[in-house]
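Notes follow the structure.
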Amino acid sequence: MMKVLPQQLRLYAVTDSRRLRGRTLLDTVAAALDGGATFVQLREKELSPAALLEEARALAKLCHARHVPFVVDDNVEVALAAGADGVHVGQSDMAARRARALLGPDKILGVSAHNAAEALAAQADGADYLGCGAAFVTGTKLDAHPVTAETMRAVTAAVNIPVVAIGGIEESNILQLQGRGLAGVAVVSAIFAAQDPEAASRRLYELSGQL
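Listed below in structure tokens is the structure:
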């Protein structure tokens, strides 16, 4: 049985507390969920371990009340301590096989993949879904290079687990991702830096249904 259904990845919200316009992270995630976010990742590289765990516990409680999967970026210990559904690791983070061993078989493991070879390796190591990007030039990860449409199609064709695009995705460009075999989109700034995160999520959710 798949631990992550493709429809659960349709609008994948990735947190960025540097862009909250004075709101709390919890309130912003709640607004994103109200607007239709179907999956949440806590990605906060600058928080202390204690602060990260505190946010993770609060978000795990919120997401579970809404029946939405919740994962923590690159921190298995915090994910397990907070009761999160799993973790997401990048190519330069903990190895996917190690993350799977620490998580056990029942938790969700997401892995970033930039080409078909990385995608196949991640699937073999126990990934439940992949994040592929950068879809577009992004200000969130300055070292991320855009992945071509052809490469993204090769990634989705290579594996039998769902794939989301990530990186610079917003209302104005999301439909350029049509025809790439994606389950959904992972969005950072277009939700967390929005004037109205709920309204932004609602529009992105509607558009993501056309991929």
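Just so we're aligned, residue 212 is where the sequence shown starts under my numbering, counting upward by one. No residue lacks a Cβ here, since even glycine has one placed at the ideal position from N, Cα and C. The structure presented is a predicted model; accordingly, all values stated were derived computationally and were not measured.
A check of alpha carbon separations from LEU258 across GLY246, GLY247, LEU273, VAL283 identifies VAL283 as the nearest. Under the Cβ criterion (8 Å, minimum of three pairs), the stretch 322-336 counts as touching the stretch 300-307. Looking at the DSSP output, LEU253 bridges to VAL283.
Here DSSP, grouped into helix, strand and coil, assigns ALA410 to helix. Apart from sequence neighbours up to five positions away, the residues of its chain that approach ARG413 with a beta-carbon distance below 7 Å are GLY246, GLY247, ordered along the chain. DSSP, read as helix, strand or coil, puts GLY342 in strand.
THR235 counts as exposed, since fewer than 16 other C-beta atoms from the protein chains shown sit within 10 angstroms of its C-beta.
At the C-beta level, VAL399 and ALA376 stay beyond 8 Å of one another. Between MET213 and the set PRO316, ALA368, ALA369, VAL251, the nearest pair of CA atoms involves PRO316.
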